[in-house]
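A.B. asks: Take this structure first; my questions come after.
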RNA sequence: GCGGGUGUAGCUUAGUGGUAAAGCUCCAGCCUUCCAAGCUGGCUACGAGGGUUCGAUUCCCUUCACCCGCUCCA
């Protein structure tokens with residue numbers, strides 16, 4: 019009966035989320051639906067804040083990133099090009115004897131768990147037929163539901179960015195290096211949704227595709243490529259190669275998480291080993307958070323080379339190369355040996371990609387030569403760094419991190435445990451609770467409502483006059499509201515003119531109270547919650 | 001999809017083959033009430049479907065959801 023501690027903590031979090039209106043089970047009145055969750059009033063505010071902060075941080079506060087909002091359903095050919103139609107459909111077999119589940123294509127390589135001397139394919143366990151398992155949700159476009167009308171709900175937002183790369187490039191007046199950002203829903207028909215909202219079938223992503231020059235191009239223009247270096251590399255420089263850009267985005271993303279209240283000590287950086295990397299990835303760093311159920315991924319930052327743009331160029335027949343005047347000029351001035359060396363490196367990379375993609379070697383050699391010859395004309399296919407974050411996972415991380423319990427024993431010796439959600443003020447669903455000390459005194463109520471109206475244009479406020487003042491503070495603590503403003507009799511001038519039109523500002527984390535003139539309230543609270 | 005566990009108000013729990021109990025929360029009211037005070041009143045539940053039975057929340061079957069393992073990577 020005794021559950022692990024982490025499980026108890028998760029149960030408390032789940033219970034609080036429902037009780038206070040952060041997260042509900044989807045379709046609950048019909049018994050729920052596995053892998054789908056709804057955000058209640060507080061959860062919706064929290065999520066908006068997080069997405070807004072990400073957008074401001076990634077798009078508005080920079081000159082080099084443009085936004086995009088693409089459709090969820092796109093041409094199914096996008097998912098053929100991206101590889102999702104093939105790689106998202108692993109045939110699986112189950113063994114009824116040992117209860118194991120295996121990928122059918124690996125049955126010859128995986129030892130049987132019960133009889134390791136034999137492979138799964140040759141052991142005596144009773145196995146099911148291989149079942150195709152595509153993680154993409156399918157639907158049909160148009161009234162006819164046949165093979166020709168099949169479409170998919172996007173399993174990631176990234177592909178739309180690649181598909182619209184040329185349009186954004188032409189209309190945003192950006193030049194490489196630059197990024198395209200998108201926030202939106204994605205859908206995966208997961209085998210096993212698990213860990214509350216952590217692995218959901220419908221979820222939201224915040225993705226940036228940051229396009230950079232291939233190292234050969236950087237070297238041709240700058241004469242060198244800066245090494246990856248340690249720590250945050252600072253302001254972007256034109257001699258950065260992919261490794262430094264990758265490092266830069268890892269550090270930027272960690273800074274972002276710290277800025278919204280996830281302490282560095284709760285985060286881990288995991289550099290995938292060469293064996294773990296996808297074949298097109300040069301490096302991938304996972305940013306992990308210590309969830310109560312284990313340390314799990316919040317975001318992956320992948321250096322994906324020019325794989326995605328190349329795939330779409332190949333599958334759509336539309337060129338994805340960009341023109342760069344600087345490259346054309348610089349190429350002319352290169353010493354011949356270096357020009358030859360860069361040509362060769364670029365050629366070999368292209369040839370490698372093409373042959374891995376199934377292009378026959380002869381054709382690949384010709385195409386790679388064309389591509390490398392393009393350098394002299396200033397043409398190249400950009401590489402990309404992809405910081406890809408899960409919104410819902412981040413919400414869960416923020417909730418888990420904010421959750422804290424405080425036990426207090428009152429004068430009568432009664433001990434009770436209260437929950438305080440210690441959200442960073444920037445993400446807190448409600449910034450300020452406005453409370454009249456007493457509900458049954460019209461003067462207090464009227465004054466408190468005036469304060470509410472004063473703050474409302476600037477901050478998310480919540481007016482509450484129900485129950486005792488202590489109860490209302492406690493309610494706001496559970497909602498994670500960082501500040502409460504209380505209007506009392508001093509505010510009305512009953513204790514002398516010097517306290518008239520001042521209110522009590524009470525801090526969530528310390529319960530400390532400060533007397534503040536109403537005239538200074540908005541500026542002070544805006545400063546503290548920004 | 002396979003195996004194990006769980007399912008009673010918003011939350012946490014009690015209970016029975018014969019009309020379901022409590023605490024907290026929530027709502028309304030009283031009270032110059034600053035950290036879930038007190039008093040009065042109120043709403044709300046046996047996850048869903050089927051079967052056995054005179055009668056099922058309780059017994060049986062199915063299903064759904066959640067938790068723990070096998071898979072996954074936002």
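In the working numbering, the protein residues as written are 19 to 548. For each residue, glycine too, the CB sits at the ideal point set by N, CA and C.
(1) Is it buried or exposed, residue 277, if we count other Cβ atoms within 10 angstroms and call 16 or more buried?
(2) Assign residue 316 to one of three DSSP states: helix, strand, or coil.
(3) Is it right to say residue 549 is buried, meaning 16 or more other beta carbons lie within 10 angstroms of its own, or is it exposed?
(4) At what residue ranges does the region 503-545 contain a whole run of the beta strand (DSSP E), taking only runs of 3 or more?
(5) Write down the C-beta distance between residue 368 and residue 381 rounded to the nearest angstrom, noting that I regard them as a contact closer than 8 Å.
(6) Which residues in the same chain have their Cβ closer than 8 Å to the Cβ of residue 378, if we skip the five residues on either side of it in sequence?
(7) Would residue 238 and residue 316 qualify as a contact pair, given that the criterion is a beta-carbon distance under 8 Å?
(8) Using three-state DSSP, classify residue 547 as helix, strand or coil.
(9) Checking the sheet assignment: what are the DSSP bridge partners for residue 439?
(10) I'd like the list of long-range same chain contacts for residue 365, defined as Cβ closer than 8 Å, with 5 residues on each side in sequence excluded.
(11) Would the beta-carbon of residue 185 fall within 8 Å of that of residue 445?
(12) Just to confirm, is the Cβ distance from residue 34 to residue 497 under 8 Å?
(13) Restricting to Cα atoms, I'd like to know which of 207, 32, 81 and 521 is closest to residue 196.
(14) If you draw a straight line from the C-alpha of residue 358 to the C-alpha of residue 347, how long is it?
(15) Grab me the residues of residue 509's own chain with a C-beta within less than 8 Å of its C-beta, minus the 5 sequence neighbours each way, in chain order.
(16) Should residue 104 go down as buried or exposed, given a rule of 16 or more other Cβ atoms within 10 Å for buried?
(17) Got a sec? Which residues, its chain only, sit under 6 Å from residue 249 by beta carbon, not counting five neighbours each side?
(18) Using the C-alpha atoms, what's the distance from residue 449 back to residue 548?
(19) Once the 5 residues before and after residue 213 are set aside, which same chain residues still bring their CB inside 6 Å of it?
(20) Identify every residue that forms a DSSP beta bridge with residue 200.
(21) Determine the contact status of residue 501 and residue 474, defining contact as a CB-CB distance below 8 Å.
C.D. replies: According to the data block:
(1) Counting Cβ neighbours within 10 Å, residue 277 comes out exposed, since fewer than 16 surround it.
(2) DSSP places residue 316 in strand when its eight states are reduced to three.
(3) Outside the displayed range of the chain (19 to 548) lies residue 549, so it cannot be described from this structure.
(4) If we require 3 residues or more, the beta strand (DSSP E) runs fully inside the region 503-545 come out as 520-525 and 531-535.
(5) So it is not a contact: roughly 12 Å between Cβ atoms.
(6) Closer than 8 Å at Cβ, skipping near neighbours: no residue.
(7) No, Cβ-Cβ distance for residue 238 and residue 316 is not below 8 Å.
(8) When DSSP states are grouped into helix, strand and coil, residue 547 belongs to the helix group.
(9) In the DSSP secondary-structure assignment, residue 439 is bridged to 421.
(10) Closer than 8 Å at Cβ, skipping near neighbours: 386, 387, 389 and 390.
(11) Not a contact, by the Cβ cut-off of 8 Å.
(12) Contact: no.
(13) The residue with the shortest Cα to Cα distance from residue 196 is 81.
(14) So the alpha carbons of these two residues sit roughly 16 Å apart.
(15) 462, 465, 517, 518, 519, 520, 521 and 536, listed in sequence order.
(16) Exposed, because fewer than 16 other Cβ atoms sit within 10 Å of the Cβ of residue 104.
(17) None.
(18) Each residue's alpha carbon lies about 10 Å from the other.
(19) Non-local beta-carbon contacts of residue 213 in its own chain, meaning distances under 6 Å to residues more than five positions away in sequence, involve 311 in chain order.
(20) Beta-bridge pairing links residue 200 to 225.
(21) Residue 474 is positioned such that its CB atom lies no closer than 8 Å to that of residue 501.
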